[in-house]
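Positions -25 to -1, 1 to 167 (mature numbering (1 follows the signal peptide of the UniProt record, and there is no 0)) are the ones given, in order, by the sequence shown.
Below is one structure; the comments refer to it alone.
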Amino acid sequence: MKAKMSLLKRGGAVAAGTVLTALLAACSGTGAESPAPQQPQPAGPQISNPKDVSSADLCSLLPPEVATSLGVAPAGQMDDGPKIGDSAEACVWRSPDGKDSVRLSVLTDRSIKTYYDSKSQYPDFQELTLADHPAVRANEGDPAKDGACSIFLGAADGQVVHSFATQTNITDPCALSQKALESSVPTWPAAK
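Written out as structure tokens, the structure is:
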């Protein structure tokens, strides 16, 4: 009789514990019936000092003194050559001998996050911060061998500036592309 009573007490204690656990789970919303709350996906790199280049004159994006310091003409010209990748209209600054160039275009249909999310597509990929703006070096080839380098900078949400530099006597086309952005970003109009 004592053994039977002891089994009943233990069974009651287990049942009470199960009911209590189920009640606590129901109250906290973490039971099997309630799905776990979804964590918001990060929006991508934050742009703390956005610039609005969407309506800027492309050839004003690289100030004359910056262009001269890079070894290219102080005044750019609208590029009449073929588009590079999926770039939009661009302005190009060429060296006096025509061997080196810096090309800037504005992409208003994407975020810099687009490039962060597709980094596996670029054998040459590096995350950068230029003039306090998120940027990426994203190239399908080897800039040191190709003599060309693309860097994309997040100017604002939905605005990316593409800097494409070429060098005939290859030294470092990525340095040229990067310097063009770093030196010109502070001169761009602030987003409102």
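By construction, the Cβ of each residue, glycine as well, lies at the ideal position given by its N, Cα and C atoms.
To which residues does DSSP link Val77 through a beta bridge? Trp68, Ala140
List the residues that DSSP assigns as beta-bridge partners of Leu105. His108
Own chain partners of Ser158 with C-beta closer than 6 Å, once the 5 adjacent residues on each side are dropped: Val41
Beta-bridge pairing of Ser95 - partner residues as DSSP gives them: In DSSP, Ser95 forms no bridge with anything.
Nearest-angstrom beta carbon gap, Cys124 and Ala106 [assumed within contact, 8 Å]: Contact doesn't hold; Cβ gap of about 17 Å is too wide.
Closer than 6 Å by C-beta to Ala50: which residues in its own chain qualify, once you throw out the five before and the five after it? Chain order, please. none
Does DSSP classify Val29 as helix, strand or coil? What sits at residue 29 in the sequence shown is Ser, not Val. It is coil, neither helix nor strand.
Secondary structure of Leu156, DSSP reduced to three states: helix
What three-state label does DSSP hand Val41 in the structure shown? Under the three-state reduction of DSSP, Val41 is assigned to helix.
Give a yes or no on whether 7 Å exceeds the smallest Cβ distance from Gly122 to chain D. Absence of chain D from the displayed structure is noted, only one protein chain being present.
Could you compute how far the alpha carbon of Gln21 sits from the alpha carbon of Asp132? 9 Å
Since Ser125 sits in a beta bridge, which residues does DSSP pair it with? Note: Ser125 sits in a beta bridge opposite Phe139.
Tell me, please, whether the stretch 106 to 116 touches the stretch 75 to 85 by the rule of three or more beta-carbon pairs shorter than 8 Å. Counting C-beta pairs with one atom in each stretch, the stretch 106 to 116 and the stretch 75 to 85 have fewer than three that are closer than 8 Å, which means they do not touch.
Whose C-alpha, out of Ile145, Thr146, Ala113, Thr43, is nearest the C-alpha of Val135? Ala113
Which of the three DSSP states, helix, strand or coil, is assigned to Ala130? strand
Mind checking who Ala165 pairs with in its DSSP beta bridge? Lys26
Give the single residue among Asp72, Asp32, Ala63 whose Cα lies nearest to the Cα of Asn144. Asp72
Taking the C-alpha atoms as reference points, what is the distance between Ser29 and Lys120? 33 Å
Only counting the same chain, and skipping five residues up and downstream in sequence, which positions put a Cβ closer than 7 Å to that of Cys37? A small correction: the amino acid at residue 37 is Leu; Cys does not occupy that position in the sequence shown. Gly51, Trp68, Val77, Leu79, Ala155, Ser159.
Taking all protein chains shown into account, decide if Asp84 is buried (16 or more other Cβ within 10 angstroms of its Cβ) or exposed. exposed
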